[in-house]
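Data block below; observations after.
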Amino acid sequence: MIVLAFGAAALIGTLARWQLGARLRSPQGTFVANIAGTFAFGLLHASGTDEMIIVGVGGLGAFTTFSALAGELVEMWPKSRVRALAYGSSTLVVGVAAALLAISLA
113 MIVLAFGAAA LIGTLARWQL GARLRSPQGT FVANIAGTFA FGLLHASGTD EMIIVGVGGL
173 GAFTTFSALA GELVEMWPKS RVRALAYGSS TLVVGVAAAL LAISLA
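Count the sequence shown with our numbering and you get residues 113 to 218, in order.
Next comes the structure, spelled out in structure tokens:
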């Protein structure tokens, strides 16, 4: 049953990410997905339950996307190294801050 729930959560996370990407332009969609997903995972972190594994790893893992971030950074690099470094760094810093904030609120 957990495997089915994990798959369903991953499907929902993927579809939500796709919708977000359709509504926001790149790289904003990726940034919002990664920060929102990291914050939500931080909230789930304290539970340590099967639900955390299902929703956190399955759903939020599919919602957030490192591959899109990497692709956007590779695309930005030849055009503006400063922008690429700022985007990559801000994603990391804001993501960690969002997770820590969520954990402190949980």
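All C-beta atoms, glycine included, are put in the ideal place defined by N, C-alpha and C.
- Secondary structure of L136 (DSSP, three-state): coil.
- By the neighbour-count criterion, in which 16 or more other beta carbons inside 10 Å mark a residue as buried, M113 falls on the exposed side.
- Under the three-state reduction of DSSP output, T177 falls in the coil class, being neither helix nor strand.
- Across the structure, L172 and R193 are spaced so that their CA atoms are roughly 29 Å apart.
- Listed in chain order, the non-local C-beta contacts of A209 below 6 Å within the same chain number zero, local neighbours out to five positions each way being set aside.
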